[in-house]
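Note sheet for the following structure.
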Amino acid sequence: MSQPLLEVRNLHVGFQTDHGLLEAVDGVSFSVEAGKTLGLVGESGCGKSVTARAIMRLLEQPSGKVLGGEVLLHGRDILKLDLADMRNIRGNEIAMIFQEPMSALNPVHRVGKQIVENIHLHQKLNPQAALKRAVELMEWVGIPAPDKRIHEYPHQLSGGMRQRVMIAMALSCNPKVLIADEPTTALDVTVQAQILDLINRLQKETGMAVILITHDLGVVAETCDEVAVMYAGRLVERASVQSLFAHPRHAYTRGLLSSIPAPDTAPQTLLKTIPGNVPSIRNYIQGSRFAARLGIELTSEQKAKRPPFAEIEPGHWVENCPFCLAPDALKNSTSPTSDE
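This is the structure in structure tokens:
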């Protein structure tokens with residue numbers, strides 16, 4: 010196996026609130042290799058976007074902070090870099106497509122100026138060369154008449170066009186790692202497919218690693234090589250797409266998969282749901298955080314003990330909680346490695 014481009018080890022992220030320091034991401038570990046796509050999935054509020062912002066060092070300030078762990082880019086821990094060095098890496102070696110382009114783009118500046126600014130900052134091109142590069146990028150991501158669109162403001166573009174502008178900005182400096190945070194949110198189905206196809210095509214052309222954050226397991230099945238399932242700030246399962254879809258082991262993963270409507274479902278059939286809701290960050294426990302949604306009342310001892318993350322078969326990791334595992338999931342399981 011080749012060396013991962015990006016490796017996240019035992020990441021902990023917290024926020025200072027009126028209720029004290031609350032931990033939103035609790036010991037998350039994963040990696041992604043060049044040319045591969047990792048899907049990070051889970052319900053809203055599970056910590057996916059916070060994980061991404063921690064990797065980019067874009068947590069809300071002054072409340073957000075990384076409490077522990079490492080984020081290794083080419084083997085170097087970027088959490089230890091000073092802000093000047095991190096600015097050189099952010100957008101240059103690792104880039105991010107944000108969930109809502111209308112809020113990520115500056116409404117008072119033309120989209121071309123915003124792309125040019127990023128190119129000029131990292132590539133040190135003169136204004137004319139940077140503008141030419143911006144037009145090329147807009148054409149590359151499928152924006153028609155880029156020489157005209159480059160002079161327009163975000164509100165003059167459709168949602169799909171704005172998302173393409175965000176992709177052009179993210180790829181303007183040829184990053185090695187791209188984080189796409191719900192890149193198809195609020196887009197119609199046709200545009201969603203176009204955006205995902207675009208990311209896939211650009212990945213094949215550039216060889217970059219992609220972390221795709223989504224709640225749509227259908228998208229994961231079509232685009233990802235590996236998937237990490239998050240629940241209440243933790244990973245509960247991580248495996249190749251083929252292994253996870255064929256043999257989901259954690260009850261939460263099985264619940265997510267069973268909620269996907271099948272093509273042969275009879276008309277007017279109610280979709281399956283997972284009872285309850287993701288717990289509030291104020292109510293996180295050390296024990297199994299999904300047990301309550303299975304109707305299981307944990308003892309005080311069980312609430313205080315965190316289930317280990319165990320490798321149940323080569324490359325397939327799951328939170329080792331007897332309440333949440335499929336009957337055969339414990340067979341041949343091994344202890345987690347030090348970075349898990």
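Start counting the sequence shown at 10; every next residue gets the next number (my numbering).
Just so it is clear, CB atoms sit at the ideal spot from N, CA and C, and this is done for glycine as well.
Looking only at Gly44, Arg66 and Ser249, the smallest Cα-Cα distance to Arg96 is reached by Arg66. Within a 10 Å sphere around the beta-carbon of Glu16 sit 16 or more other beta-carbons, which makes this residue buried. Distance between Leu81 and Leu221, taken at the CA atoms: about 18 angstroms.
Per the coordinates, the alpha-carbon of Arg302 lies some 17 angstroms from the alpha-carbon of Ser309.
Taken in chain order, the complete beta strand (DSSP E) segments of 3 residues or longer contained in the segment 12 to 54 are 15 to 26, 29 to 41 and 46 to 50.
DSSP places Gly304 in the coil class of the three-state scheme, outside both helix and strand.
Cβ atoms of Gly216 and Ala43 come within 8 angstroms of each other, at about 5 angstroms. The C-alpha of Ala139 lies about 25 angstroms from the C-alpha of Gly168. Rounded to the nearest angstrom, the Cβ distance from Val22 to Ala61 is 11 angstroms, too far for a contact under 8 angstroms. Under the DSSP definition of a beta bridge, Val200 lacks any partner. Residue nearest to Pro184 within the set Gly100, Ala143, Glu191 and Asp35 is Gly100 (criterion: CA-CA distance). For Ser112, the enclosing alpha helix (DSSP H) stretches over residues Pro110 to Ala113.
When beta bridges are read from the DSSP output, Tyr293 appears opposite no residue.
Put simply, of Asn286, Gly151 and Pro192 the residue whose alpha carbon is nearest the alpha carbon of Val228 is Pro192.
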